[in-house]
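Structure, as structure tokens:
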Ligand SMILES: [Zn+2]
């Protein structure tokens with residue numbers, strides 16, 4: 004079963020509903036009359052942030068617990084297929100703006116003596132790391148953009164995510180290694196012509212033409228004379244698909260000389 008996706012409209016309606024609960028938060032913090040004239044904005048911001056964190060944690064916790072209850076009490080071992088009893092298991096999980104206890108189930112196979120998790124983590128897009136996938140994305144993006152793991156860790160911490168420098172370093176290396184392996188796999192698939200084409204109609208033959216040069220430019224709208232003259236690179240590319248008739252014998256094999264029709268699929272310049 005695929006994950007149900009929510010439209011922007013549906014998410015907006017949930018946000019409007021939660022916004023209404025803001026009135027309850029204000030009432031709980033300051034009473035029916037709301038904050039007095041001595042309350043500054045920073046205090047209001049702290050209250051709203053605490054309430055938003057609580058809402059995020061509560062919603063995530065509820066959804067995770069309800070989902071975990073649907074995991075069967077017995078699950079076949081992925082190695083030997085023995086039906087194994089599953090036990091409740093929890094772990095701390097860091098998500099965007101929340102720390103939650105993730106409820107799941109774990110099983111122990113008496114035949115192979117291995118512990119395994121029924122495939123709920125795969126459905127959730129989680130792995131053995133104690134971070135949600137969006138948090139991992141945030142961490143590795145920071146590690147890629149900043150010149151040191153220490154700076155990247157500080158940047159991630161500023162978003163409210165509790166992470167250590169060693170965790171940032173380890174995740175960056177692991178994800179980097181996965182990207183290297185994925186790139187190398189694609190190179191091999193390309194060489195073996197195993198890559199799935201990204202176009203529905205595969206042309207019989209294609210031509211890629213490129214050319215470039217240097218042109219002298221001057222400032223626009225600067226009146227008579229040459230202003231701010233400078234050399235600029237000019238690049239032109241043409242991608243063309245070729246289609247020609249097939250000859251039984253004695254045919255010239257050059258598509259143009261054989262009277263092929265040439266259709267330019269796309270032009271781009273500069
Ligand atoms: Zn087993």
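In the numbering used here, the protein residues as written are 4 to 273.
Positions of the beta carbon are idealized from the N, C-alpha and C atoms, including for glycine.
Where residue i sits in the DSSP three-state scheme
{"i": "residue 111", "result": "strand"}
{"i": "residue 127", "result": "helix"}
{"i": "residue 270", "result": "Here the model assigns residue 270 a pLDDT of 44, short of 50, so the residue's position is not dependable, and the following value carries that caveat. Strand."}
{"i": "residue 77", "result": "strand"}
{"i": "residue 207", "result": "coil"}
{"i": "residue 274", "result": "Residue 274 lies beyond the range of the chain shown here (4 to 273); nothing can be said about it."}
{"i": "residue 118", "result": "strand"}
{"i": "residue 231", "result": "coil"}
{"i": "residue 35", "result": "coil"}
{"i": "residue 171", "result": "helix"}
{"i": "residue 142", "result": "helix"}
{"i": "residue 10", "result": "coil"}
{"i": "residue 59", "result": "helix"}
{"i": "residue 202", "result": "coil"}
{"i": "residue 190", "result": "helix"}
{"i": "residue 159", "result": "helix"}
{"i": "residue 28", "result": "helix"}
{"i": "residue 154", "result": "helix"}
{"i": "residue 222", "result": "coil"}
Nearest-angstrom Cα separation, counted from residue j out to residue i
{"i": "residue 231", "j": "residue 179", "result": "45 Å"}
{"i": "residue 194", "j": "residue 213", "result": "24 Å"}
{"i": "residue 21", "j": "residue 169", "result": "37 Å"}
{"i": "residue 19", "j": "residue 221", "result": "54 Å"}
{"i": "residue 140", "j": "residue 45", "result": "30 Å"}
{"i": "residue 133", "j": "residue 98", "result": "9 Å"}
{"i": "residue 142", "j": "residue 95", "result": "18 Å"}
{"i": "residue 128", "j": "residue 53", "result": "27 Å"}
{"i": "residue 177", "j": "residue 198", "result": "25 Å"}
{"i": "residue 55", "j": "residue 146", "result": "27 Å"}
{"i": "residue 36", "j": "residue 30", "result": "8 Å"}
{"i": "residue 8", "j": "residue 248", "result": "48 Å"}
{"i": "residue 85", "j": "residue 79", "result": "5 Å"}
{"i": "residue 185", "j": "residue 122", "result": "23 Å"}
{"i": "residue 24", "j": "residue 65", "result": "18 Å"}
{"i": "residue 150", "j": "residue 144", "result": "12 Å"}
{"i": "residue 125", "j": "residue 190", "result": "27 Å"}
{"i": "residue 118", "j": "residue 81", "result": "10 Å"}
{"i": "residue 15", "j": "residue 61", "result": "19 Å"}
{"i": "residue 12", "j": "residue 63", "result": "21 Å"}
{"i": "residue 175", "j": "residue 40", "result": "48 Å"}
8 Å contact criterion, which residue i and residue j should meet: CB distance rounded
{"i": "residue 243", "j": "residue 204", "result": "Not a contact, Cβ separation roughly 14 Å."}
{"i": "residue 171", "j": "residue 155", "result": "5 Å"}
{"i": "residue 76", "j": "residue 88", "result": "7 Å"}
{"i": "residue 238", "j": "residue 215", "result": "4 Å"}
{"i": "residue 162", "j": "residue 101", "result": "Their Cβ separation, rounded to whole angstroms, is 12 Å, which puts residue 162 and residue 101 out of contact at 8 Å."}
{"i": "residue 108", "j": "residue 51", "result": "In fact, because the Cβ distance is near 36 Å, the residues do not count as touching under 8 Å."}
{"i": "residue 114", "j": "residue 83", "result": "5 Å"}
{"i": "residue 93", "j": "residue 106", "result": "6 Å"}
Residues that DSSP places opposite residue i in a beta bridge
{"i": "residue 236", "result": "217"}
{"i": "residue 93", "result": "106"}
{"i": "residue 88", "result": "77"}
{"i": "residue 134", "result": "97"}
beta-carbon residue i near ligand 2 non-hydrogen atom, thresh 7 Å
{"i": "residue 185", "result": "Ligand 2 is not among the ligands present in this structure, which contains only ligand 1."}
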